[in-house]
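Below is one structure; the comments refer to it alone.
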Amino acid sequence: MKPHFTRLNKITFFILLFISFETAAQNSIKGLVYDAQSRLPIDGAPVALLPSQNTNTDIRGRFVFTKIENNSNKNIQINCIGYSIKKITFEQLLSNDTIFLSPTKTSLTEVSVNSNVGKEYKIVSDLDIKMKGVNNSQEILRMVPGLFIGQHQGGGKAEQIFIRGFDCDHGTDINVSADGLPVNLVSQAHGQGYADMHFIIPETVAEVDFQKGPYNALKGNFTTSGYVDLKTKNALDYNLFKLEGGMFDSYRAVGMLNLLGEKAKAKQQSWYVASEYAYSNGFFEHPQDFKRFNFFTKYNGKISKQTYLSLTASTFNSKWNASGQIPDRAVADGSIGFYGAIDSTEGGETARSNINLQLVSTFKDGSYLKNQLYYSNYYFDLHTNFTFYLNDPINGDQIRQKENRIFMVIIVPIIEMAILELYSPIPISG
Numbered sequence: 000m001k002p003h004f005t006r007l008n009k010i011t012f013f014i015l016l017f018i019s020f021e022t023a024a025q026n027s028i029k030g031l032v033y034d035a036q037s038r039l040p041i042d043g044a045p046v047a048l049l050p051s052q053n054t055n056t057d058i059r060g061r062f063v064f065t066k067i068e069n070n071s072n073k074n075i076q077i078n079c080i081g082y083s084i085k086k087i088t089f090e091q092l093l094s095n096d097t098i099f100l101s102p103t104k105t106s107l108t109e110v111s112v113n114s115n116v117g118k119e120y121k122i123v124s125d126l127d128i129k130m131k132g133v134n135n136s137q138e139i140l141r142m143v144p145g146l147f148i149g150q151h152q153g154g155g156k157a158e159q160i161f162i163r164g165f166d167c168d169h170g171t172d173i174n175v176s177a178d179g180l181p182v183n184l185v186s187q188a189h190g191q192g193y194a195d196m197h198f199i200i201p202e203t204v205a206e207v208d209f210q211k212g213p214y215n216a217l218k219g220n221f222t223t224s225g226y227v228d229l230k231t232k233n234a235l236d237y238n239l240f241k242l243e244g245g246m247f248d249s250y251r252a253v254g255m256l257n258l259l260g261e262k263a264k265a266k267q268q269s270w271y272v273a274s275e276y277a278y279s280n281g282f283f284e285h286p287q288d289f290k291r292f293n294f295f296t297k298y299n300g301k302i303s304k305q306t307y308l309s310l311t312a313s314t315f316n317s318k319w320n321a322s323g324q325i326p327d328r329a330v331a332d333g334s335i336g337f338y339g340a341i342d343s344t345e346g347g348e349t350a351r352s353n354i355n356l357q358l359v360s361t362f363k364d365g366s367y368l369k370n371q372l373y374y375s376n377y378y379f380d381l382h383t384n385f386t387f388y389l390n391d392p393i394n395g396d397q398i399r400q401k402e403n404r405i406f407m408v409i410i411v412p413i414i415e416m417a418i419l420e421l422y423s424p425i426p427i428s429g
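Its first residue numbered 0, the sequence shown is counted upward by one per residue in numbering that gives the first Met the number 0.
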């Protein structure tokens, strides 16, 4: 006989399910973590329910602990890099579930290691961002353990990426994104998955999330060797103006400025602009004449009681003369110097403009909808010569790779149900 539910069995099932929900809810504790200066939620802050439970805040700054016993004896500690350690009692959280963290200088006097699934490497990237200076957005990739990059043919091309024994070319086998905006380009003129990160100003990066291997289905295409997901700052701690200079006529200027005042911060709103200009001639006999300009702006804030809006816009342009490649025999017979060139007309130009809109709506039961719309206009023009005058002794063998594309994507809303958090051994976060 086939098993079946009688009417009584169905009623009993739903009663038991309701009781289990109520029990789980009674034995759970929730809270919100905000930046005391910007008044915005902190995503990925490590939260510990002492002595042994650990989790992280989600995109809304919310955390959840389940299956709690002896609540009155529990203490909650938040140890987030860049902020002072915060410890509160269970009773304090019940009276006020909003916790504000005060920004402070990063110190390596104490290191805490937790087993938070999905955030295993966050502490590594956070420390690197706080304590290492970078003047190129692609250098941020070096924060990923086991990953290194190489630059050839001028500073304008996307760097060559190597990780876990993979030669990822310029991004073919590694997924790169910034604030949910894909950096990799499908069927790009120079190579599949070409990932040029130079439109990102490194000083605006707040977090680098990464994972090795093709194990995250959410990341999809290009994730053969792993993925790298960058997140920019929601707010600036202070205004910044920086000038840098070095050998071979290398210069760089960066400016970052808050556009909203204290009244806007009290309403959990932030808006800032950032700009970068870089120039270098390089050390080759033929000057590189590399120029790069970046502009970036981001608004992040609470536009209603249950809704957060994040809007970013950026534009980028770079031009350069490439060093190219040369044969050893040409240097050996004195035809050219070690830093010389056979075809001095190699080089390129690239540009990209982006608009990225994200809307997060939270509901009373803890679930939320996340919507995203992004638009990108991309231009690429590259001149290279690999065989010099082999095929055409008169005009040379130079080739041109050029494209101009526009793409716009609307992400279907993603619903995250709070009910899953009640039964997950480790609470699911945004």
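Glycine residues also receive a C-beta, built at the ideal position from the N, C-alpha and C atoms. All values derive from a computational prediction rather than experimental measurement.
Legend entry - Cα-Cα separation between M255 and V272, rounded to whole angstroms: Distance between the alpha carbons of M255 and V272 is about 6 angstroms.
Legend entry - Exposure label - V182; buried when at least 16 CB within 10 Å: Buried is the label assigned to V182, since at least 16 other Cβ atoms lie within 10 Å of its Cβ.
Legend entry - Beta-bridge pairing of S186 - partner residues as DSSP gives them: Per the DSSP secondary-structure output, S186 pairs with nothing in a beta bridge.
Inset, instruction - Name the residue from K401, E348, I398 whose alpha carbon lies nearest to the alpha carbon of G153. - result: In terms of Cα proximity to G153, the closest of K401, E348, I398 is E348.
Inset, instruction - Spatial neighbours of S83 within its chain, please: CB distance less than 6 angstroms, with the 5 preceding and 5 following residues excluded, ordered by chain position. - result: The residues are S101, T103.
Legend entry - D327: first and last residue of the uninterrupted alpha helix (DSSP H) it sits in: 327-331 is the span of the alpha helix (DSSP H), which, as asked, contains D327.
Inset, instruction - Provide the residue span of the alpha helix (DSSP H) that contains Q91, from first to last. - result: In the DSSP assignment, Q91 falls within the unbroken alpha helix (DSSP H) covering 89-94.
Inset, instruction - Evaluate the contact criterion for the region 290-302 versus the region 252-269: three or more CB pairs, one atom per stretch, below 8 angstroms. - result: Per the Cβ contact rule, the region 290-302 is in contact with the region 252-269 (3 or more Cβ pairs under 8 angstroms).
Inset, instruction - Can you tell me which of L259, I199, G244, Q287 puts its alpha carbon nearest to the alpha carbon of S313? - result: For S313, the closest of L259, I199, G244, Q287 by C-alpha to C-alpha distance is I199.
Legend entry - Cα-Cα separation, Q52 to Q76: A direct Cα-to-Cα measurement between Q52 and Q76 gives close to 10 angstroms.
Legend entry - Segment contact, 8 angstroms Cβ cut-off, at least three pairs: the region 392-410 with the region 334-351: Put simply, the region 392-410 touches the region 334-351. At least three CB pairs are less than 8 angstroms apart.
Inset, instruction - Going by DSSP, name the residue or residues bridged to K297. - result: Partner(s): Y271, T311.
Inset, instruction - Compute the beta-carbon to beta-carbon distance between G145 and H169, rounded to the nearest angstrom, for a pair I have assumed lies under 8 angstroms. - result: In fact, because the Cβ distance is near 18 angstroms, the residues do not count as touching under 8 angstroms.
Legend entry - As assigned by DSSP and simplified to three states, the class of L421: For L421, the pLDDT reaches just 34, beneath the cut-off of 50, and the residue's location in the model is therefore unreliable, although a value from the coordinates is still provided. Look at L421 here: in three-state DSSP terms it is helix.
Inset, instruction - State buried or exposed for G60, treating a residue as buried only when at least 16 other CB atoms are found within 10 Å of its CB. - result: By the 16-neighbour rule on beta-carbons within 10 angstroms, G60 is buried.
Legend entry - Helix, strand or coil at L242 [DSSP, three-state]: Note: L242 maps to strand in three-state DSSP.
Legend entry - Pairwise C-alpha distance: T311 and M407: One alpha carbon belongs to M407, the other to T311, and they sit about 14 angstroms apart.
Inset, instruction - Please name the residue or residues paired with K318 in a DSSP beta bridge. - result: Beta-bridge pairing links K318 to K290, E348.
Legend entry - CA nearest to the CA of R291, picked from F283, W319, D327, I148: Considering only alpha carbons, the answer is W319.
Inset, instruction - Identify whether L140 lies in helix, strand or coil by the three-state DSSP scheme. - result: The three-state reading of DSSP puts L140 in helix, counting H, G and I together.
Legend entry - Neighbourhood of N280 by C-beta distance below 8 angstroms, restricted to the same chain and skipping five residues each side: Spatial neighbours of N280 in its own chain (CB-CB distance under 8 angstroms, excluding positions within 5 residues in sequence) are listed in chain order as F247, D248, S249, P286, Q287, D288, F289.
Inset, instruction - Please list, in chain order, all residues of the same chain as F337 whose beta carbon is under 6 angstroms from its beta carbon, the five residues on each side excluded. - result: Excluding positions up to five away in sequence, the list reads V330.
Legend entry - Member of A35, Y377, K86, E158 whose CA lies at the smallest distance from the CA of D236: Selected option, being the one with the closest Cα: A35.
Legend entry - Start and end residues, beta strand (DSSP E) containing A177: Run containing A177: 174-177, per the beta strand (DSSP E) assignment.
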